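In our numbering, the protein residues as written are 12 to 226.
Think of the CB as a built atom: it goes at the ideal place given N, C-alpha and C, for glycine as much as any other residue.
As the structure is a prediction and not an experimental result, all values here were calculated from the model.
A quick write-up on the structure given underneath.
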Amino acid sequence: MPIVAPSLLSANFLNLEADCNMLNESEADWYHLDVMDGRFVPNISFGPMIIDFFRKATTKICDVHLMIVEPEKYAEQFKNAGADILTVHIEACHHLHRNIQQIKSLGMKAGVAVNPHTPVSLLSDILHDIDLVCLMSVNPGFGGQKFIPHTLEKIKQLRKIIDEKSLKVQIEIDGGVTLENAASIIAAGADVLVAGNTVFKSANPKETIAKLKAL
Ligand code: DX5
Ligand code: ZN
């Protein structure tokens, strides 16, 4: 059964409480919270202050995806805001190992996200130190984009590397996940499905989450 992590980027920000209540009552496992700085990605979303509100609205795991440069400057703020998992982009970190040590020393689980063009082989020397790899299946920055099919090949490659090393690192797929492609994503070896538009733009979000869980 996959872990389902709805992305609140696609929620209704005029009435977040209703969307949080829906998620809390649903089978969703994690809140996926997308932080964008307008520098690493061509969009700006929200920061620690908003995450603090989400933290107060749920007991579910807060999975914070940082699409920002210099994430080390803000790791402590995200910890204080209530992040359980903090994911940084390999492309944004000159000293990735140091960034991961910082996240773990603050008491959070550590994730590394990779853009569609970044080979998964670049992760082999950091996999021992992390809890999660977030494979971007769209170019980061916006919800509602189309799944890049080559991601399936990357999932298989990464699954093999993780299994060969007997590690417990989770593979999270982020971007363009739908009810139609989710089964093939899981079959390729993914553990966590992020879903923004598929959940929040559906007629019955709770039912959609249940369908993703049932895959
Ligand atoms: C994109 C974000 C995603 C996004 C996913 O940069 O990291 O988490 O919200 O949205 P959908 O599922 O609509 O592609
Ligand atoms: Zn994300």
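Looking at S132, H100, L190, R170, the one whose alpha-carbon comes closest to that of M147 is H100.
Secondary-structure assignment with DSSP links D45 through a beta bridge to H76. T129 and L226 have their C-alpha atoms roughly 28 Å apart. Here the C-alpha atom of L169 lies approximately 37 Å from the C-alpha atom of E28.
Residue pairing from DSSP places E183 in a beta bridge opposite C145, V203. Annotation for S148 indicates a beta carbon at 8 Å or more from all heavy atoms of ligand 2.
By the criterion of a C-beta distance shorter than 6 Å, N35 is surrounded in its chain by T69, once the five residues flanking it on both sides are discounted. Ranked by Cα distance from N32, the options N54, V46, K67, D48 are led by K67. Assigned with DSSP and collapsed to three states, I137 falls in coil, not helix or strand. Contact between V52 and I62 is absent: CB atoms are separated by about 17 Å, not below the 8 Å threshold. Contact annotation: L190 and T162 have beta-carbon atoms that are not nearer than 9 Å. The C-beta separation of V203 from I184 comes to about 7 Å, placing the pair in contact by the 8 Å criterion.
Between A198 and G93, the alpha-carbon positions lie close to 32 Å from each other.
Proximity of the beta carbon of V144 to ligand 2 is not indicated: no heavy atom of the ligand is located closer than 8 Å. The set of residues whose C-beta lies within less than 5 Å of a heavy atom of ligand 2 reads, in chain order, D45, H76, D185.
V46 is positioned such that its CB atom lies closer than 9 Å to that of I79.
P151 counts as buried, since no fewer than 16 other beta carbons sit within 10 angstroms of its beta carbon. The three-state reading of DSSP puts A94 in coil, since its state is none of H, G, I, E or B. A check of alpha carbon separations from E87 across S37, N110, V149 identifies N110 as the nearest. The distance from the Cβ of S18 to that of A206 is about 7 Å, consistent with a contact at the 8 Å cut-off. Counted as a single uninterrupted DSSP element, the beta strand (DSSP E) harbouring K120 occupies residues 120 to 125.
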